[in-house]
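Chains A and B supply the protein sequences, listed in that same order.
Here this note's numbering is used: the first residue of the first sequence is 67, the next is one more, and so on.
Here this note's numbering is used: the first residue of the second sequence is 398, the next is one more, and so on.
We put the beta carbon where it would ideally sit given N, CA and C, even for glycine.
Every value quoted in this text rests on a predicted model; they were computed, and no experiment measured them.
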Amino acid sequence: MTDSGSTDMVEIERIIDAPLALVWQMWTDPEHFKAWYGPDGATIPVAKMDVRIGGARLVCMEVQTPNGPMRMWFTGEYREVIENERLVYTESMSDENGQVSSPSDLGMPEGHPLMTEVRVELKDIGGRTKMVLTHLGIPHDSPGAVGWTMALDKLVGLVSGLTGMPGEP
Amino acid sequence: MVAAIDERRLTETFAALANPTRRAILARLAEGEATVNELAEPFEMTLPTISKHIKVLEQAGLVVRGQRAQYRPCALDAAPLEEVSTWAERYRPVWETRFERMDDYLKQLRPRRRAGKGDD
Chain A
67 MTDSGSTDMV
77 EIERIIDAPL
87 ALVWQMWTDP
97 EHFKAWYGPD
107 GATIPVAKMD
117 VRIGGARLVC
127 MEVQTPNGPM
137 RMWFTGEYRE
147 VIENERLVYT
157 ESMSDENGQV
167 SSPSDLGMPE
177 GHPLMTEVRV
187 ELKDIGGRTK
197 MVLTHLGIPH
207 DSPGAVGWTM
217 ALDKLVGLVS
227 GLTGMPGEP
Chain B
398 MVAAIDERRL
408 TETFAALANP
418 TRRAILARLA
428 EGEATVNELA
438 EPFEMTLPTI
448 SKHIKVLEQA
458 GLVVRGQRAQ
468 YRPCALDAAP
478 LEEVSTWAER
488 YRPVWETRFE
498 RMDDYLKQLR
508 PRRRAGKGDD
């Protein structure tokens, strides 16, 4: 293992043609959140958000698979809440009660941290909104937000052994 | 900026990988090159269907075809996978797609917002 995963993050900046307060609601009002979150073809049947520091969140994502609908649950806690400005929350895979899944439940070796952190920073620029999203991960092989990243883990592992790509030793 | 990642290429890679048959084909090719017939064997699919999947993988740069006229064996090219091999980069297209949906959703809201205000 290398520790390169500890600084793993993705940062995306977007200019959104909507006022600050509305973009804030996109993240904090469950009805708005359900309308856009989730990959194509997925629905968000449940989004519970207690938007205050220490408040809990629970989101269910339902995707259609050849074997029927599959539900994935994500839980977390709000760490920073500055209205219309900054929102920070954690995210872990869980069951429908918000009980965090253990690494072995997810087919991962024990000892892997499973929590990631999502930061949203908003800034008004003349009636439009600049949004900076930062998603910080702990290990580079933590379970993904969509089911197939696990299959991808296996595939990348398989392939990296053959090509000398950086990855798991 | 840390690394210049080709966004379009990455999207193509993810699209190609978002299918279980194509992942199975890649896993098979990770063991060594194979002809289309050999690749089709484990699947209950017609050769044209398998060929279509291989074409998608080829366009994403994940599979290269040999030049031997008759067989043109398929081989794996893992280079595009390097770009998705870090944890964080796997999330980039997920978020990009979400934000496109947010944009669309906000557009749907706009007429209602205007109508709701009733003045300017």
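Closer than 8 Å at the beta carbon, the chain A residues around residue i
i, result
"B:Arg495", "Trp102, Tyr103, Gly104 and Pro105"
Cutoff 8 Å; reference residue i; Cβ partners in own chain excluding five residues on either side
i, result
"B:Ala412", "Val453 and Ala457"
"B:Leu436", "Ile422, Arg425, Leu426, Ile447, Ile451 and Cys471"
DSSP-derived helix/strand/coil call for residue i
i, result
"B:Leu473", "strand"
"A:Ser66", "Lying outside 67 to 235, the shown extent of chain A, residue 66 of chain A is not represented and no answer is given."
"B:Phe525", "The displayed coordinates of chain B run from 398 to 517. Any statement about residue 525 of chain B would go beyond what the structure contains."
"A:Ile241", "Absent from the structure is residue 241 of chain A, since the part of chain A shown begins at 67 and ends at 235."
"B:Ala413", "helix"
"A:Pro85", "coil"
"B:Ala427", "coil"
"A:Gly210", "Residue placement at A:Gly210 cannot be trusted, given a pLDDT of 40 that sits under 50; the coordinates are not used to answer."
"A:Glu149", "coil"
"A:Ala290", "There is no way to answer for residue 290 of chain A, as the model of chain A reaches only from 67 to 235."
"B:Thr432", "coil"
"A:Met181", "coil"
"B:Asp501", "helix"
"B:Leu407", "helix"
"A:Gln91", "helix"
Within chain A, the residues that residue i reaches when beta carbons sit closer than 9 Å
i, result
"B:Tyr502", "Met92, His98, Ala101 and Trp102"
Nearest neighbour of residue i, chosen from the options [CA to CA]
i, options, result
"A:Asp24", "A:Glu97, A:Asn133 and A:Glu143", "The first residue shown for chain A is 67 and the last is 235, placing residue 24 of chain A beyond what the model contains."
"A:Thr156", "A:Pro96, A:Pro111, A:Ile119 and A:Ile191", "A:Ile119"
"B:Phe496", "A:Pro85, A:Met197, A:Gly203 and A:Glu183", "A:Met197"
"A:Val147", "A:Arg185, A:Asp83, A:Gly107 and A:Lys189", "A:Arg185"
"A:Leu188", "A:Lys114, A:Tyr103 and A:Asn150", "A:Asn150"
"B:Ile451", "B:Leu414, B:Asp500 and B:Arg507", "B:Leu414"
"B:Arg440", "B:Pro417, B:Glu430, B:Glu428 and B:Tyr488", "The displayed chain sequence assigns Phe, not Arg, to residue 440 of chain B. Comparing Cα-Cα distances from B:Phe440 to each of B:Pro417, B:Glu430, B:Glu428 and B:Tyr488, the minimum goes to B:Pro417."
"A:Gly104", "B:Arg419, B:Leu407 and B:Trp492", "B:Trp492"
"B:Arg420", "B:Thr443, B:Ala475, B:Pro445 and B:Arg498", "B:Ala475"
"A:Pro135", "A:Arg80, A:Gly107, A:Lys114 and A:Ser158", "A:Gly107"
"A:Met138", "A:Met159, A:Pro132, A:Leu88 and A:Arg152", "A:Met159"
"A:Gly193", "A:Phe140, A:Glu77, A:Leu86 and A:Met75", "A:Leu86"
"A:Ser167", "A:Gly121, A:Phe140 and A:Ala101", "A:Phe140"
Same chain, Cβ closer than 6 Å to residue i, five either side skipped, listed in chain order
i, result
"A:Gly213", "Low confidence applies to A:Gly213: its pLDDT is 38, below 50, so where it sits in the model is not reliable, and the reading given next is rough at best. Contacts found: none."
"A:Val112", "Cys126"
"A:Met92", "His98"
Residues that residue i contacts on chain B, provided the C-beta gap is smaller than 7 Å
i, result
"A:Val117", "Result: empty, since nearest Cβ-Cβ is about 18 Å, beyond 7 Å."
"A:Arg80", "Phe496"
"A:Ala84", "Leu503"
Residue i: contacting residues in chain A (beta-carbon distance under 7 Å)
i, result
"B:Glu486", "Val76"
Contacting residues, own chain, Cβ-Cβ under 7 Å from residue i (five flanking each side not counted)
i, result
"A:Thr109", "Glu128"
"B:Thr408", "Pro490"
heavy atom of the ligand ZN below 7 Å from residue i C-beta
i, result
"A:His201", "No copy of the ligand ZN appears in this structure; indeed no ligand is present at all."
Contacting positions in the segment 153 to 168 of chain A - beta carbon closer than 8 Å to chain B: The residues in question: there are none.
For the segment 410 to 444 of chain B, list every residue whose C-beta sits within 8 Å of some C-beta in chain A, in sequence order. Here the close residues are Leu414, Ala415, Pro417, Arg420, Leu423, Ala424 and Ala427.
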